[in-house]
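Engineer:
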DNA sequence: GTTCCACTTCAAGACGACTTGAGGTCAAGG
DNA sequence: CCTTGACCTCAAGTCGTCTTGAAGTGGAAC
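Chains as they are written, first to last, in full-length UniProt numbering: chain A, 1 to 145; chain B, 1 to 145.
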């Protein structure tokens with residue numbers, strides 16, 4: 001397969017595939033002239049990358065995770081535990097947001113449960129984890145007609 | 001209070017406070033010469049910002065969220081629902097990671113449940129949400145002796 | 001054998017949230 | 001009055017994940 005085929009089937013722009021190669025995450029089976037050639041296996045690899053990425057691994061970490069000796073199970077376990085903590089935090093946050101949204105007090109200053117949340121934040125700030133948003137997948141350019 | 005006092009009490013570097021001001025999220029009560037002066041209220045404001053930030057709002061969104069007319073409850077509700085979806089996804093992911101870590105198959109290719117996960121990713125890639133990691137809070141410079 | 005155009009490389013740009021550095025200001029203490 | 005140094009501003013740099021653009025290459029169709 002040419003890179004455009006992989007791009008289409010994986011739903012990723014070719015530029016991303018080149019970038020992943022540069023980072024050592026994927027590799028073409030060879031070249032046809034200049035052109036990278038791939039077989040089906042790369043699709044599975046990309047799927048795997050997609051999954052662990054959505055679990056919060058950075059590309060560098062994924063490089064280590066998928067190192068020579070197969071999947072690093074320790075990293076997986078560690079990340080699972082991290083996810084557990086994250087999930088707990090997010091659930092609490094979600095409840096607080098709902099409560100704040102429903103609270104009839106005209107300003108958040110008058111809502112006792114929100115007060116408590118703020119006090120907790122004042123005591124030991126979170127700041128250890130951020131959750132950026134989707135960013136809307138601005139896909140464009142470099143497309144096979 | 002001088003900015004260094006706020007910084008210390010909020011656990012944020014002064015540069016961040018200036019940046020938040022530039023983004024319209026906080027404001028000093030006035031100036032003493034050049035120096036920004038703050039009262040206690042800014043600490044509560046910063047705590048609020050910290051909370052909603054950890055719930056996934058970007059600084060720009062926080063600007064809108066905390067607009068003139070108080071907290072925007074619609075935004076809060078929408079974000080709570082988003083968090084719900086996120087939590088569900090993360091929980092599934094966590095289970096998959098645990099399973100993959102525990103799976104005795106020598107390579108992930110031979111683990112049926114991981115296979116299924118990959119197939120799902122192949123069919124409809126996630127790619128709609130990423131979860132960057134802590135980044136280690138590289139705090140330094142600009143400190144009161 | 002010439003043309004076409006999907007591919008190639010490499011450098012630079014984009015975005016969000018800050019940080020860093022150079023050079024300047026000014027209130028307070030000696 | 002002079003020095004000190006915490007503060008100030010503004011421009012530029014950083015980090016991760018890509019995207020974009022310019023300029024070049026070469027397989028395949030004609």
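C-beta: ideal position from N, C-alpha, C; glycine also.
Does residue 87 of chain A have its Cβ less than 8 angstroms from a Cβ in chain B?
Structural biologist: Closer than 8 angstroms: yes.
Engineer: Output, in chain order, the set of chain B residues within a Cβ distance shorter than 7 angstroms of residue 14 of chain A.
Structural biologist: Within 7 angstroms Cβ-Cβ: nothing; residue 14 of chain A doesn't reach chain B, min ~15 angstroms.
Engineer: If we cut at 8 angstroms on Cβ distances, does residue 5 of chain A have a partner in chain B?
Structural biologist: No, residue 5 of chain A does not count as interfacial toward chain B.
Engineer: Could you give the uninterrupted runs of the alpha helix (DSSP H) lying entirely in the region 34-100 of chain A, keeping only those of 4 residues or more?
Structural biologist: Runs of the alpha helix (DSSP H) inside the region 34-100 of chain A: 41-54, 59-65.
Engineer: Residue 27 of chain A and residue 14 of chain A - do their beta-carbons sit closer together than 8 angstroms?
Structural biologist: Their beta carbons are not under 8 angstroms apart, which means residue 14 of chain A does not touch residue 27 of chain A by this criterion.
Engineer: Using a beta-carbon distance below 8 angstroms, is residue 94 of chain A in contact with chain B?
Structural biologist: Chain B, which has a Cβ nearer than 8 angstroms to the Cβ of residue 94 of chain A, makes this yes.
Engineer: Tell me whether the region 67-84 of chain B and the region 31-45 of chain A touch, counting them as touching only if at least three CB pairs, one residue from each stretch, are closer than 8 angstroms.
Structural biologist: Verdict: no, contact absent.
Engineer: Measure from the C-beta of residue 68 of chain A to each C-beta in chain B and report whether the shortest distance is under 8 angstroms.
Structural biologist: Closer than 8 angstroms: no.
Engineer: According to DSSP, what are the bridge partners of residue 31 of chain A?
Structural biologist: BP columns for residue 31 of chain A point to A:36.
Engineer: Residue 59 of chain A and residue 23 of chain A: beta carbons closer than 8 angstroms?
Structural biologist: The answer is yes: Cβ separation under 8 angstroms.
Engineer: Kindly list the residues whose CB is nearer than 8 angstroms to the CB of residue 35 of chain A, restricted to its own chain and excluding five residues on each side of it in sequence; keep chain order.
Structural biologist: Cβ within range, chain order: 2, 3.
Engineer: Are residue 55 of chain A and residue 97 of chain B closer than 8 angstroms when you measure CB to CB?
Structural biologist: Yes.
Engineer: Where does residue 2 of chain A fall in DSSP's three states?
Structural biologist: Note: residue 2 of chain A maps to coil in three-state DSSP.
Engineer: Can you give me the start and stop residues for the alpha helix (DSSP H) that residue 17 of chain B sits inside?
Structural biologist: Residue 17 of chain B -> alpha helix (DSSP H) spans 14-22.
Engineer: How would you label residue 50 of chain B, buried or exposed, when you count the other beta carbons within 10 angstroms and need 16 or more for buried?
Structural biologist: With 16 or more Cβ atoms within 10 Å of its Cβ, residue 50 of chain B is classed as buried.
Engineer: What number of angstroms, rounded off, separates the C-alpha of residue 103 of chain B from the C-alpha of residue 33 of chain A?
Structural biologist: When rounded, the distance between both Cα atoms is 41 angstroms.
Engineer: Nearest to residue 93 of chain A by CA position, among B:95, B:88, B:83, is which residue?
Structural biologist: That would be B:83, whose Cα lies nearest to the Cα of residue 93 of chain A.
Engineer: Would you mind telling me which residues of chain A sit closer than 7 angstroms to residue 44 of chain B, beta carbon to beta carbon, in chain order?
Structural biologist: Ordered by position in chain A, the residues that pass the 7 angstroms Cβ test against residue 44 of chain B are 118.
Engineer: How about residue 101 of chain B: is its C-beta nearer than 8 angstroms to some C-beta of chain A?
Structural biologist: Closer than 8 angstroms: yes.
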